[in-house]
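Working notes, structure below.
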Amino acid sequence: MKKLVVKIIKLRNPTFTLDDNLNSGAFLQFIWIQFWSIMRGLKLLLFARNPKGMLLGKRVSFFAISKIKWGKFLRLGNDVHVSALSRHGIEFGDNVSVGAFSRIIVSSSFNNIGEKIKIGNNVGIGEFAYLGGSGGLEIGDECIVGQYLSCHPENHNYQNIEISIRHQGVNRKGIKIGKNCWIGSKVTILDGVEIGDGCILAAGSVITKSFPDNSIIGGIPAKLFKNKNQ
Numbered sequence: 008m009k010k011l012v013v014k015i016i017k018l019r020n021p022t023f024t025l026d027d028n029l030n031s032g033a034f035l036q037f038i039w040i041q042f043w044s045i046m047r048g049l050k051l052l053l054f055a056r057n058p059k060g061m062l063l064g065k066r067v068s069f070f071a072i073s074k075i076k077w078g079k080f081l082r083l084g085n086d087v088h089v090s091a092l093s094r095h096g097i098e099f100g101d102n103v104s105v106g107a108f109s110r111i112i113v114s115s116s117f118n119n120i121g122e123k124i125k126i127g128n129n130v131g132i133g134e135f136a137y138l139g140g141s142g143g144l145e146i147g148d149e150c151i152v153g154q155y156l157s158c159h160p161e162n163h164n165y166q167n168i169e170i171s172i173r174h175q176g177v178n179r180k181g182i183k184i185g186k187n188c189w190i191g192s193k194v195t196i197l198d199g200v201e202i203g204d205g206c207i208l209a210a211g212s213v214i215t216k217s218f219p220d221n222s223i224i225g226g227i228p229a230k231l232f233k234n235k236n237q
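Here you go:
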């Protein structure tokens with residue numbers, strides 16, 4: 008049975024192997040959880056959509072599902088909410104995993120709806136992420152992300168001191184994260200930032216400006232520690 012399960016999992020993760028120390032009880036519980044995740048994924052058939060092997064945790068919810076596209080084996084953890092109210096929707100690549108209690112929301116109101124969110128292939132995002140897409144958010148292939156990632160591609164205007172900030176509107180530049188990046192836990196990325204391919208973002212960093220390929224960065228606000236090529 009274990010060989011069959013490993014063969015199935017390798018469709019999503021070709022490098023997967025079972026640890027020799029895994030006991031039978033934990034293995035059976037794992038199978039039980041995956042079975043019900045697949046069953047919940049099949050509810051997409053009710054929307055005339057192909058789940059493509061989607062695995063859904065408990066209480067996953069979608070808004071504006073007609074504007075959501077996904078590749079093979081999308082995994083969404085418990086209590087994830089995906090809202091694609093936007094101009095260009097949300098797109099998940101193949102083998103994307105999003106941890107429990109995360110929020111993937113392009114627009115938070117019907118006034119001045121946002122642009123899009125695009126997540127590449129083989130991206131893993133930890134629990135409690137908040138991914139906004141009002142000004143556009145792109146995450147490249149092969150990125151690995153810790154818990155509590157927070158992306159905010161929008162800023163409030165505030166220059167007029169005679170008007171409440173909430174009535175001055177917003178400006179949007181978007182956020183773009185390159186391929187093969189490692190983003191530590193509790194990283195915050197603000198509007199207008201572009202992160203190059205192969206970057207490492209230290210845990211707890213607040214990223215307020217752009218960095219080139221292969222940068223190792225961290226701090227509040229984040230600064231360049233070194234480049235991996237040096």
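Here the sequence shown is numbered in the working numbering, starting from 8 and rising by one per residue. The C-beta atom is built at its ideal place from N, Cα and C for all residues, glycine as well.
Next on the checklist: Please state whether the Cβ-Cβ distance between Asp220 and Gly199 is less than 8 Å.
Outcome noted: no
Next on the checklist: Taking the alpha-carbon of Asp86 as reference, which of Gln175, Arg94, Tyr137 and Ile182 has the nearest alpha-carbon?
Outcome noted: Tyr137
Checklist entry - Is DSSP giving Arg47 helix, strand or coil here? => result helix
Item to check | Residue from Ile120, Ser171, Lys216 and Glu149 whose Cα sits closest to the Cα of Ala71 | outcome: Of Ile120, Ser171, Lys216 and Glu149, the residue nearest in Cα terms is Ile120.
Checklist entry - Going by beta carbon distance, what residues of the same chain come within less than 6 Å of Lys125, once the five residues before and after it are set aside? => result Glu98 and Glu145
Checklist entry - What are the residues that DSSP puts in a beta bridge with Lys10? => result Answer is none; Lys10 lacks a bridge partner.
Checklist entry - Nearest CA to the CA of Ile184: which residue from Leu25, Ile172, Ser222 and Ile170? => result Ser222
Item to check | Lys235 (DSSP reduced to helix, strand or coil) | outcome: coil
Checklist entry - Is Arg94 helix, strand or coil when you go by DSSP? => result coil
Item to check | Runs of alpha helix (DSSP H) wholly within the segment 34 to 79 (minimum 4 residues, chain order) | outcome: none
Checklist entry - Cβ atoms of Asn164 and Gly176: under 8 Å apart, would you say? => result yes
Checklist entry - On the three-state DSSP scale, how would you describe Ile184? => result Ile184: strand per DSSP, three-state reduction.
Next on the checklist: Buried or exposed, going by whether 16 or more other CB atoms sit within 10 Å of the CB of Val89?
Outcome noted: buried
Checklist entry - Residue ranges of each alpha helix (DSSP H) run of no fewer than 4 residues wholly in the segment 164 to 214, ordered along the chain? => result Taken in chain order, the complete alpha helix (DSSP H) segments of 4 or more residues contained in the segment 164 to 214 number zero; there are none.
Checklist entry - So does the segment 106 to 115 actually touch the segment 125 to 135, counting three or more Cβ pairs closer than 8 Å? => result In short, these stretches touch, since the Cβ pair count reaches three.
Checklist entry - Within 10 angstroms of its Cβ, does Ile15 collect 16 or more other Cβ (buried), or is it exposed? => result exposed
Item to check | Asn28, buried or exposed, once every other Cβ within 10 Å from all chains shown has been counted against 16 | outcome: exposed
Checklist entry - Grouping DSSP H, G and I as helix and E and B as strand, with all else coil, what is Ser109? => result coil
Item to check | Span of the beta strand (DSSP E), counted from its first residue to its last, around Gly137 | outcome: Reading off the sequence, residue 137 comes out as Tyr, not Gly. For Tyr137, the enclosing beta strand (DSSP E) begins and ends at Tyr137 to Gly139.
Checklist entry - Which of the three DSSP states, helix, strand or coil, is assigned to Ser115? => result coil
Next on the checklist: Given a cut-off of 8 Å on the beta-carbon distance, is the pair Gly225 and Leu208 in contact?
Outcome noted: yes
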